[in-house]
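The next block holds one structure in the form of structure tokens; read it before the comments.
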């Protein structure tokens, strides 16, 4: 999963480990003083559960990359100074501590990079056709935080 040689966007849906260091290095640009990278990791608890052992991610694969592009386009409308944008997500079963998702943004200044990265992860969770199943000793179930998929335009820029 090499970084794109050209362009300002890197979108990927993969069963492979996410190359966090490569994503960061790709996002660095000489005209940018800020790179914000967020990595979501598998944790041992969820709403009402304290014994999560792994997560499984499934996706509507044909629609994921187009949804990432829509998210990035909306981020560029809201945060015009955002330069490079990366959105990568895993599929399959992931163990505790593994990174399931990475978003990264570079910008000339940190406020735009932070705000844009926050928007990217929030919009991904609300609009990308990706679902997670929580596994624990003795059972499994689809994530309790499920919601209807929205469009990136419907996502608040700075939810509290």
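In the working numbering, the protein residues as written are 13 to 172.
For every residue, glycine included, the Cβ atom is placed at its ideal position computed from N, Cα and C.
Residue 15 - DSSP class collapsed to helix/strand/coil | coil
Checklist line | Bridge partner(s) assigned by DSSP for residue 147 | finding: 66 and 152
Pick helix, strand or coil for residue 33, following the three-state DSSP scheme.
-> helix
* Hey, would you say residue 103 sits closer than 8 angstroms to residue 27, going by beta carbons? -> yes
Quiz prompt | Pairwise C-alpha distance: residue 41 and residue 105 | solution = 34 angstroms
- request: Would you identify the three-state DSSP class for residue 110, choosing helix, strand or coil?
  value: coil
Quick one: is residue 118 buried, meaning 16 or more other Cβ sit within 10 Å of its Cβ, or exposed?
buried
- prompt: Between the stretch 73-86 and the stretch 126-146, do at least 3 Cβ pairs fall closer than 8 angstroms?
  reply: yes
Straight-line Cα distance separating residue 45 from residue 109 | 29 angstroms
Contiguous beta strand (DSSP E) assignments of at least 3 residues, all confined to the stretch 34-103:
46-53, 64-71 and 94-102
Opposing strand residues paired with residue 21 [DSSP bridges]: 97
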